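Protein sequence lines correspond, in order, to chains Y and U.
When you number the first sequence by this note's numbering, it's gap-free, plus one each residue, and the end is 120.
When you number the second sequence by this note's numbering, it's gap-free, plus one each residue, and the end is 1135.
Glycine included, each C-beta is placed from N, C-alpha and C at the ideal position.
On a predicted model such as this, the values are computed, not experimentally measured, just so you know.
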Amino acid sequence: MTHTVTPFSSMVMVFTGAFIGSIGAAFLKAGAGRLQMSVAALASNWRLAVGIFAYCISSVFFVYGNTRGELSVLYPIVSLGYIWTLVWSRIFFSEPFTRTKFFGVSLILVGVFFLNAASR
Amino acid sequence: MSAATLTTPIDENAAKQRRSLLLVFCCTILGAAAQIFIKNGATHLAHPSLITAALGMVTNPSLFAGYSLYGCSTILLVIALKDGELSITYPVIALTYVWVAMLSYFLMHESMGLYKILGIALIVTGVAVVGKSKR
């Protein structure tokens, strides 16, 4: 049995990626609200562009962060992005921050941990 | 007009939310396929760094396929977000992990132990709880 230690740099990378990704999701949502199916409208939808750009940046962080370290540590950190998203949803789209949503996301986080705890 | 008067705004909103959930559900399946390609490509990067990871999106076939699928799933996500609440739609993406585990089990014959089954059950329950949460 090999014990691979997750480097702190990988955790920071993945954490940063998840944070940027959640901001990207908020921009995607803002852009989606103004979605119109014409080339001119899509090209001038800067919110969508920012969202997609943030998504791309976050993927680069994930690829780099995931090359070293344990998934049982890294994937739950990725899932922290869902918590940030709940916060952005409330601040920018005045969606209610309910206990049910928080409970559901917590279950997901624990689930992601267990799912990857086995795969070493 | 006459058809619209038959459905209340609340029904209409519920239908839109359901459609959004269905779209993001499809998005997770594409996302899972993307992740398998990306994971495969990432582990074959000779000298992992931010630069090679970024370049690999174009030069590495596996990474390229993964990111293309990722792009398709993002388009579906945007359409889903048009009508769906962000705080409900986004956590559903966690189902991606479930598909990845199942694909790994069936295609790459990875093990499926008690922890994995527990993790899958927790994620599915969590997604259901979020999806059913009050709008």
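Residue i classed as buried or exposed, judged by whether at least 16 other C-beta atoms fall within 10 angstroms
i: U:ALA1128; result: exposed
i: U:THR1043; result: exposed
i: Y:THR85; result: buried
i: Y:PRO96; result: exposed
i: Y:LYS101; result: buried
i: U:PRO1061; result: exposed
i: Y:VAL39; result: exposed
i: Y:ASN45; result: buried
i: Y:THR2; result: Because Y:THR2 sits at a pLDDT of 47, beneath the cut-off of 50, its placement in the model cannot be relied upon, and the point is left open.
i: Y:GLN36; result: exposed
i: Y:MET13; result: buried
Min CB distance residue i to chain Y below 8 Å
i: U:MET1001; result: Here U:MET1001 scores only 46 on pLDDT, less than 50, and its place in the model should not be relied on; the value that follows carries that caveat. False, the Cβ-Cβ gap to chain Y never drops below 8 Å.
i: U:ALA1053; result: yes
i: U:GLY1031; result: no
i: U:ALA1014; result: no
i: U:TYR1115; result: yes
i: U:SER1133; result: yes
i: U:LEU1118; result: yes
i: U:VAL1129; result: yes
i: U:VAL1058; result: no
Proximity of residue i and residue j at Cβ, strictly below 8 Å
i: Y:LEU115; j: U:ILE1123; result: yes
i: Y:ILE20; j: Y:ILE57; result: yes
i: U:LEU1077; j: Y:LEU28; result: yes
i: U:VAL1130; j: Y:VAL105; result: yes
i: Y:GLY65; j: Y:GLY17; result: yes
i: U:LEU1069; j: U:PHE1106; result: no
i: U:ILE1088; j: U:SER1133; result: yes
i: U:SER1073; j: U:GLY1041; result: no
i: Y:TYR55; j: U:TYR1097; result: no
i: Y:VAL60; j: U:ALA1054; result: yes
i: Y:LEU107; j: U:THR1125; result: yes
Cutoff 8 Å: residue i Cβ touching any chain U Cβ
i: Y:ARG120; result: Residue placement at Y:ARG120 is poorly supported in this model, since its pLDDT is 49, which falls under 50; the coordinates are not used for a value here.
i: Y:VAL39; result: no
i: Y:GLU95; result: yes
i: Y:ILE52; result: yes
i: Y:THR2; result: Note that Y:THR2 scores 47 on pLDDT, short of 50, meaning its location in the model is unreliable; the coordinates nonetheless yield the value given after this. False, the Cβ-Cβ gap to chain U never drops below 8 Å.
i: Y:ALA117; result: yes
i: Y:SER10; result: no
i: Y:PHE15; result: no
Residue i - containing alpha helix (DSSP H), residue span
i: Y:MET121; result: There is no way to answer for residue 121 of chain Y, as the model of chain Y reaches only from 1 to 120.
i: U:GLY1084; result: Neither: U:GLY1084 is in no alpha helix (DSSP H) and is coded neither H nor E.
i: Y:GLU95; result: No alpha helix (DSSP H) contains Y:GLU95, which DSSP labels as neither H nor E.
i: Y:ARG47; result: 46-66
i: U:ALA1014; result: 1009-1043
i: U:THR1096; result: 1095-1107
i: U:VAL1127; result: 1114-1132
i: U:LYS1056; result: Position check: residue 1056 of chain U holds Gly in this sequence, whereas Lys was assumed. Note, U:GLY1056: alpha helix (DSSP H), 1050-1059.
Neighbouring residues, chain B, relative to residue i (Cβ below 7 Å)
i: Y:VAL110; result: Of the protein chains in the structure, Y and U, none is chain B.
Exercise. For the segment 56-69 of chain Y, which residues have a beta carbon sitting closer than 9 Å to at least one beta carbon of chain U?
Worked result: So the close ones are CYS56, SER59, VAL60, PHE61, PHE62, VAL63, TYR64, ASN66, THR67, ARG68.
For this session: Using a Cβ-Cβ cut-off of less than 8 Å, give me the residues of the segment 82-108 of chain Y that come near chain U, in sequence order.
Result: Taking 8 Å as the Cβ-Cβ cut-off against chain U, the residues of the segment 82-108 of chain Y that qualify are TYR82, THR85, LEU86, TRP88, SER89, ARG90, PHE93, GLU95, PRO96, PHE97, THR98, THR100, LYS101, PHE103, GLY104, VAL105, SER106, LEU107, ILE108.
Problem set entry | Members of the segment 25-49 of chain Y that neighbour chain U once the beta carbon cut-off is set at 8 Å | Here the close residues are ALA25, ALA26, LEU28, LYS29, GLY31, ALA32, GLY33, LEU35, LEU48.
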